[in-house]
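Please read the structure below before turning to the comments.
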Amino acid sequence: MSVPLLTITMPDGATSTALLSDEFAKLLAAEARVSTRELHALLPDLDTTPATYAAMVLEMIMVRQILSEAQGVAVSH
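Going left to right, the sequence shown walks through residues 65 to 141 as the working numbering numbers them.
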């Protein structure tokens, strides 16, 4: 299995790219709240191999963190 690249673009335009190992991808996928069955029901053509699925979950987690930090900054000003 090829190891996918995960590239995340931050709100300021900076990008960060990382390789996901299959072991890490499986662990992250196992920790995800949404199961692959639920995803397949919604999006039948979605690639849910462990590494790709984990990359999507990691990106969702990071986006939530960025949004919550942005809201925290907006609230404090």
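Positions of the beta carbon are idealized from the N, C-alpha and C atoms, including for glycine.
With H, G and I counted as helix, E and B as strand and the rest as coil, what does DSSP make of Leu122? helix
Given His104, which residues of its chain have a CB within under 7 Å of its CB, disregarding the five upstream and five downstream residues? Leu110 and Thr112
Check for me: the beta strand (DSSP E) holding Ala82 runs from which residue to which? Thr79 to Leu83
Just checking my contact of Leu69 with Leu83 at CB under 8 Å: how many whole Å lie between their CB atoms? 6 Å
Heavy atom of the ligand NAP less than 7 Å from the Cβ of Leu92, yes or no? In the structure on display, the ligand NAP does not appear, and there are no ligands present to speak of.
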